[in-house]
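Colleague: First to last, the sequence lines map onto chains E and D.
For any residue, its number in this note's numbering is found by taking its place in the first sequence, counting from 1, and adding 429.
For any residue, its number in this note's numbering is found by taking its place in the second sequence, counting from 1, and adding 783.
Note that CB positions come from ideal geometry on N, CA and C, so glycine has one too.
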Amino acid sequence: MLLVGTLVCAVVRPGGWPEAVFAVPAAAVLLLAGVLPWNEAQAEATSLAPTIGFLAAVLVLANLCDRYGLFEATGTWMATGSRGRPIKLLALVFAVASVVTAVLGLDATVVLLTPAVLTTVARVRLRAKPHLYACTHLANSASLLLPVSNLTNLLAFRASGLSFARFGAIMTLPWLAAIVVEWLVLRRFFATDLVGRGQTGAGPARPVPIFACTVVALTLLGFFVLSVAHVDPAFAALGGAVTLAVPALLHRRAKVRDVGFALDVPFLAFVLALGLVVKAVSLHGLSSLVVHLVPATTSLWSLLLAAAVAAVLANVINNLPAVLLLLPAAAAAGPGVVLAVLIGVNAGPNLTYVGSLATLLWRRVLRERGEQLPTSEFLRLGALTVPPVLVASTLALWASLRLVG
Amino acid sequence: MMHPMRVVVWLVEGTWQGCLDATAPQLPRDAHVALLHVTPSDVAEVAGAASAGLLGRALRGHRPVRRLEEIEDEAASAILTGAVERLGRDAELLQRRGRVEREVVGAVAHGVDLLVVARDGDRSRLGPHSLAPATRFVVDHAPCAVLLVWPDEPPGIESMPPPPPPGHHPPARGPPGESGPPRVRQ
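#1: When Cβ atoms are compared, which residues of the stretch 539-561 of chain E fall closer than 7 Å to chain D?
#2: By DSSP, does A859/D sit in helix, in strand, or in coil?
#3: Apart from the five residues just before and just after L768/E, which ones in its own chain have a Cβ nearer than 6 Å to its Cβ?
#4: Assign V628/E to buried or exposed, taking buried as 16 or more other Cβ atoms, counted over all protein chains shown, within 10 Å of its Cβ.
#5: When you check each C-beta in the stretch 496-508 of chain E against every C-beta of chain D, which residues fall closer than 9 Å?
#6: Between which two residues does the alpha helix (DSSP H) harbouring A502/E extend?
#7: Quick one: grab the DSSP three-state call for Q471/E.
#8: State yes or no: is the beta carbon of V624/E nearer than 7 Å to at least one beta carbon in chain D?
#9: Might you give, ordered along the chain, the residues of its own chain that have their beta carbon closer than 7 Å to the beta carbon of V818/E, omitting 5 neighbours on each side?
#10: In whole angstroms, what separates the C-alpha of T581/E from that of S592/E?
#11: How many angstroms separate the CA atom of A594/E from the CA atom of L914/D?
#12: Starting from E857/D, find everything on chain E with Cβ-Cβ shorter than 8 Å and list it in chain order.
#13: Would you check if the distance between the CB atom of A670/E and the CB atom of L499/E is smaller than 7 Å?
#14: Below 8 Å between beta carbons is the criterion; list the residues of the stretch 514-541 of chain E that meet it against any residue of chain D, in chain order.
#15: Could you give the first and the last residue of the continuous beta strand (DSSP E) run that contains E875/D?
#16: Give me the chain D residues within the contact set of G627/E, using Cβ-Cβ distance strictly less than 8 Å, ordered along the chain.
#17: Please confirm whether A620/E has its beta-carbon closer than 7 Å to some beta-carbon of chain D.
#18: G904/D versus chain E: which residues are under 7 Å apart at the beta carbon?
#19: Report the three-state DSSP secondary structure of G799/E (helix, strand or coil).
#20: With distances taken between CB atoms, is the gap from V766/E to A735/E smaller than 7 Å?
#21: Note down the Cα distance separating V741/E from V774/E, rounded to an integer number of angstroms.
#22: So, helix, strand or coil for R908/D, using DSSP?
#23: Could you give the DSSP three-state label for V891/D: helix, strand or coil?
#24: Taking 7 Å as the CB-CB limit, is P816/E close to chain D?
#25: Could you name the residues of the stretch 642-661 of chain E whose beta carbon sits closer than 8 Å to any beta carbon of chain D, in the order they occur along the chain?
#26: Using a Cβ cut-off of 7 Å (strictly closer), state whether V917/D contacts chain E.
#27: Using a Cβ-Cβ cut-off of less than 9 Å, list which residues of the stretch 866-889 of chain D approach chain E; keep chain order.
#28: Please tell me whether R556/E and E796/D are closer than 7 Å, where the distance is taken between their beta carbons.
#29: Report the residue from L749/E, S805/E and P636/E whose alpha carbon sits nearest the alpha carbon of T503/E.
#30: In terms of residues, what are the limits of the alpha helix (DSSP H) holding H924/D?
#31: Classify K558/E as buried or exposed, calling it buried when 16 or more other Cβ atoms lie within 10 Å of its own Cβ.
#32: How about A805/D: is its C-beta nearer than 7 Å to some C-beta of chain E?
#33: For P823/D, which of helix, strand or coil comes out of DSSP?
#34: Can you tell me the Cα-Cα spacing of A787/E and H951/D, whole angstroms?
#35: Short of 8 Å Cβ to Cβ, which residues in the stretch 561-573 of chain E face chain D?
#36: Going by DSSP, what residue range makes up the alpha helix (DSSP H) through W827/E?
This is the structure in structure tokens:
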């Protein structure tokens, strides 16, 4: 009940309060009532803490890139590069959204890149829909590549015991497979919208923020170097965030308050609290149920099953709690199963975005506000992309596990 | 015709320039021209939904839907302003937001003689489903004459597929346009 309540409040956010306002007391109640033993809670918190630190650094890094004008510059680059051709623009949006999601995380694509893409499309005067869907879909399905691409990956990264480089090496093929499938389906689905010629050379050119780009590239390199040196790659993210933050603060590009906002402490608290709530639920019966759902071998069928179970669960209760629930059982079965679960929880949400429970609520909230409900279009597009992405990426994972080992 | 002809030209991103160029020579001198642009309301909503998928992360102080709507509105008025210049004559400007196909049909529901629509769709696949769904809906439901124009060069006669072999019967419930009498809307 508390898990469901926590999730419901997280999506609806009564009174506009941050989701932590509901999740933290829920975790506290479980602790005080003795449902969640202190030692279990401590162990869970200790294992989550580095992940939360990593997440915080990546959130700040992406936000500062925005402050340095990275996303605006990318938008201008796409506008110029497309020469007003809708299919070429879509290809550029695909490339940019895939890379941004992989390197700076899905949040960066949804919150920072999507507005930049829509501004670009508006400036080029083309139809927005195919490009918007490319961003929202790739934010999920192109978040397979690196541990930093998605919070779910960060959680799974710890559990899998893989190194940063190895994680990336194994997930390269599944990541590419997901992007190719998304391209084929979106290109066909929006064939009638990708027509006409837009404007060329519209708007002033923005200088590419070389400093921010360099820092991001070095951070990325740092992830691999540190992981080879057996140092926590979170330090690379921290280094990158600090390197961008100090000059930004000195030159008043950003205020301390902005960095604080980007850090999003309430959300970090929410992740911790959600982890504790899920832990309590797992301890009281759900984990024994989950063990039966997650296959224990890395045969192709097992991987497909793991991905499918994860995708369904992600759509019922949202991918964050889904991955927290499935990870212990998946980790016991080995890194292959963990990564298959990731494919499910990352690509799955394109079916309903928030998880169907949450989608239902979201639709109700919209209706209450007198806003128009979205068309069946996004559900149809989700139904067309998610199953083939799951299958293609899992096949690619299976091949990757055999190639990379 | 007693009153001056009332014409609505529906302008869409990507095809509006060609649509105006094809239409301008056809319009009577004294026609009352209105230029219509509709912003689809679901674009900003889909973006909002994706943000909701983050469970509210980085949403504080951030109103993505509102910001996207502003971007869209600016783009829409820029198209309409550019269109009046390109047309080179007075025109009423209609800027709407909503379900595109319904807004367009609603805009021509009363006292409009002619609606000008640019063809869209995939030019490499001319055939029954060549118009985008919204355009198809408008062509089907507009309660006035509809002029469907090519926003660029019309295809050559060679774009027509070869006739079916003798003895071939079209399926009884084929998609419209492939069987039955041709429906000319120009």
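Modeller: Reading from the atomic positions:
#1: V539, V540, T543, P544, L547, T548, A551, R554, L555, R556, A557, K558 and L561
#2: helix
#3: L826
#4: A small correction: the amino acid at residue 628/E is Gln; Val does not occupy that position in the sequence shown. Q628/E should be labelled buried.
#5: none
#6: L499 to S511
#7: helix
#8: yes
#9: S570, A607, V610, E611 and A776
#10: 16 Å
#11: 47 Å
#12: A551
#13: no
#14: P515, L535, D536, V539 and V540
#15: E875 to G881
#16: E796 and G797
#17: yes
#18: T621 and V624
#19: Per-residue confidence for G799/E stands at a pLDDT of 47, beneath the threshold of 50, marking its modelled position as unreliable; the derived number appears in the next sentence. It is coil, neither helix nor strand.
#20: yes
#21: 8 Å
#22: coil
#23: coil
#24: no
#25: none
#26: According to the sequence shown, residue 917/D is Ala rather than Val. No, its Cβ sits nowhere closer than 7 Å to a Cβ of chain E.
#27: G881 and R882
#28: yes
#29: P636/E
#30: P916 to H924
#31: buried
#32: no
#33: strand
#34: Low confidence applies to A787/E: its pLDDT is 47, below 50, so where it sits in the model is not reliable enough to give any reading.
#35: L561, Y562, C564, T565, A568 and N569
#36: E806 to V833
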